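What follows is a short report on a single structure.
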Amino acid sequence: MTVELLDTEPVFAARMNQCAAAFAPYLDWSFIAVLRGEPDAPSMTRTDVVQPVLFAVMVSLAELWRSHGVRPAAVLGHSQGELAAACVAGAIELTDAARMVALRSAALTELAGTGAMGSVLMSYEDLSARLPEWGGRVTVAAVNGPESVVVSGDVDAVDDLLERLAGEGVRTRRIEATAAGHSAHLDPLRPRFATAFEGVVPAASEVDFYSTVTGDRFDTTCLDSGYWWRNVRQTVRFEPAARALMAAGHTVFIEMSPHPVLTLGLHAIAATAGQQAAVLGTTAGCPAGLLGRPRRRDRRARRVAPAAGGSARH
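What the sequence shown shows, in our numbering, is residues 158 to 471, in sequence order.
Here is the structure:
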């Protein structure tokens, strides 16, 4: 979905090239080759490929919106998307963010085949009440909406939970993940993540940063290595963070990802909160020609909160 932007939008292409340069010390493959599906390019089914590519696309889409005068008043990221959000907000330099994404995704590949994740259309409270039956082998990885939760854990336990709930009429879906993100499965890799996140020097940002670790507005000067470990290990509190944004008066949300996977959750959160909100995707599902309009005077969108989506593989 981004190939046409590479060929037609110089701002997008330039930012993608900057991302490629930032990732170069850590990768032996090309973003552009992956996106164009060239024969020798690695597959995006690999966590250590799809996550760097997703990061680069999200950051480049945000830059493209800026070139059309749409500047964020706040950012919100989901899982790895928080690194993109922090970079877009100016809290973390592109080179630091690229290093963290590359090393983070490489560490996650060590867990391939050891766990599973699944989506459940159920409230966090109702689902949490059911989980003790599995003795801690399944936990909540993400809360994406009023009735949208992601679970994570041992393969057989996740499959059993999904099958049981489906039999009761609850809509469930096994996520294409080979590792149990945001769960205790990550604990043995904590030293690897500490190395990936060390040396981060976050800066204060003029753009408000809303954290899906704490579920509220967060001081970007505190985005240290400890924070980024919690980001990969703890439950993604997307719904509380989105509610906090709406309570602060933000009413326009633009998802910066190749597909508007978080827009449904944002619509549901707004509806249950009694808020009127405009929720847009950028590429798939985007109103025709939205990014192709003639450039007008710069205008700061005081109610725009880009929701930088994370990978389904976390």
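Glycine included, each C-beta is placed from N, C-alpha and C at the ideal position. Quick caveat: nothing in here was measured; it's all calculated off a predicted structure.
Among the options, nearest to residue i - alpha-carbon criterion
{"i": "Leu380", "options": "Ala241, Leu322, Thr159 and Gln432", "result": "Ala241"}
{"i": "Ser285", "options": "Glu304, Ala428, Leu419 and Gly356", "result": "Glu304"}
{"i": "Thr429", "options": "Asn388, Arg331 and Gly302", "result": "Gly302"}
{"i": "Ser236", "options": "His407, Arg390 and Gly422", "result": "Arg390"}
{"i": "Ser217", "options": "Gln175, Ala231, Ser280 and Val227", "result": "Gln175"}
{"i": "Leu318", "options": "Pro348, Thr335 and Trp291", "result": "Trp291"}
{"i": "Met413", "options": "Leu162, Ala427 and Thr440", "result": "Thr440"}
{"i": "Ile189", "options": "Ala170, Ala248 and Pro182", "result": "Ala170"}
{"i": "Arg261", "options": "Asn388, Leu278, Ile426 and Thr369", "result": "Asn388"}
{"i": "Val277", "options": "Ala314, Ala435 and Leu322", "result": "Leu322"}
Buried/exposed call for residue i, threshold 16 Cβ in 10 Å
{"i": "Pro345", "result": "exposed"}
{"i": "Pro444", "result": "Its pLDDT being 41, under 50, Pro444 is placed unreliably in this model, and the coordinates cannot settle the point."}
{"i": "Val295", "result": "buried"}
{"i": "Arg330", "result": "exposed"}
{"i": "Gly449", "result": "Confidence is the limiting factor: at Gly449 the pLDDT is only 38, short of 50, which leaves the residue's position unreliable, though a coordinate-based value still follows. Gly449 is exposed by the Cβ-count criterion."}
{"i": "Ser200", "result": "exposed"}
{"i": "Asp311", "result": "buried"}
{"i": "Gly324", "result": "exposed"}
{"i": "Met158", "result": "exposed"}
{"i": "Gly422", "result": "buried"}
{"i": "Gln208", "result": "buried"}
{"i": "Arg328", "result": "exposed"}
{"i": "Asp205", "result": "buried"}
Spatial distance of residue i from residue j (CA atoms)
{"i": "Gly194", "j": "Asp283", "result": "42 angstroms"}
{"i": "Phe410", "j": "Gly431", "result": "16 angstroms"}
{"i": "Glu320", "j": "Gly356", "result": "44 angstroms"}
{"i": "Arg203", "j": "Leu192", "result": "14 angstroms"}
{"i": "Ser340", "j": "Gly238", "result": "18 angstroms"}
{"i": "Val308", "j": "Val300", "result": "9 angstroms"}
{"i": "Gly406", "j": "Tyr367", "result": "13 angstroms"}
{"i": "Val225", "j": "Ala404", "result": "With the sequence shown as reference, residue 225 is identified as His, and Val is not the correct amino acid for it. Each residue's Cα considered, the two are about 27 angstroms apart."}
{"i": "Ala177", "j": "Gly247", "result": "18 angstroms"}
{"i": "Gly293", "j": "His342", "result": "11 angstroms"}
{"i": "Gly338", "j": "Asp316", "result": "15 angstroms"}
C-beta atoms of residue i and residue j nearer than 8 angstroms
{"i": "Ala353", "j": "Met257", "result": "yes"}
{"i": "Asp373", "j": "Ala398", "result": "yes"}
{"i": "Pro264", "j": "Phe350", "result": "Note on residue identity: the sequence assigns Ala, not Pro, to residue 264. The answer is yes: Cβ separation under 8 angstroms."}
{"i": "Ala298", "j": "Thr392", "result": "yes"}
{"i": "Thr371", "j": "Gly270", "result": "no"}
{"i": "Leu233", "j": "Glu166", "result": "no"}
{"i": "Gly383", "j": "Pro417", "result": "no"}
{"i": "Thr378", "j": "Ala401", "result": "no"}
{"i": "Met173", "j": "Leu163", "result": "yes"}
Three-state secondary structure (DSSP) of residue i
{"i": "Gly226", "result": "coil"}
{"i": "Asp253", "result": "helix"}
{"i": "Val472", "result": "Coverage of the chain is limited to positions 158 through 471, which leaves residue 472 absent and any answer about it impossible."}
{"i": "Ser217", "result": "helix"}
{"i": "Gly438", "result": "coil"}
{"i": "Ala269", "result": "coil"}
{"i": "Ala231", "result": "strand"}
{"i": "Ala445", "result": "With a pLDDT of 38 at Ala445, under the threshold of 50, the modelled position of that residue is not reliable, and no figure is offered here."}
{"i": "Val160", "result": "helix"}
{"i": "Ser236", "result": "coil"}
{"i": "Met201", "result": "coil"}
{"i": "Arg470", "result": "Residue confidence is low: Arg470 scores 32 on pLDDT, short of 50, so the model does not pin down where it sits. Its coordinate-derived value is still stated next. Correct three-state label for Arg470: coil."}
{"i": "Gly302", "result": "strand"}
{"i": "Met403", "result": "helix"}
{"i": "Glu363", "result": "coil"}
The ligand NAD heavy atom lying under 7 angstroms from the CB of residue i
{"i": "Ala341", "result": "Ligands displayed in this structure: none; no statement on the ligand NAD is therefore possible."}
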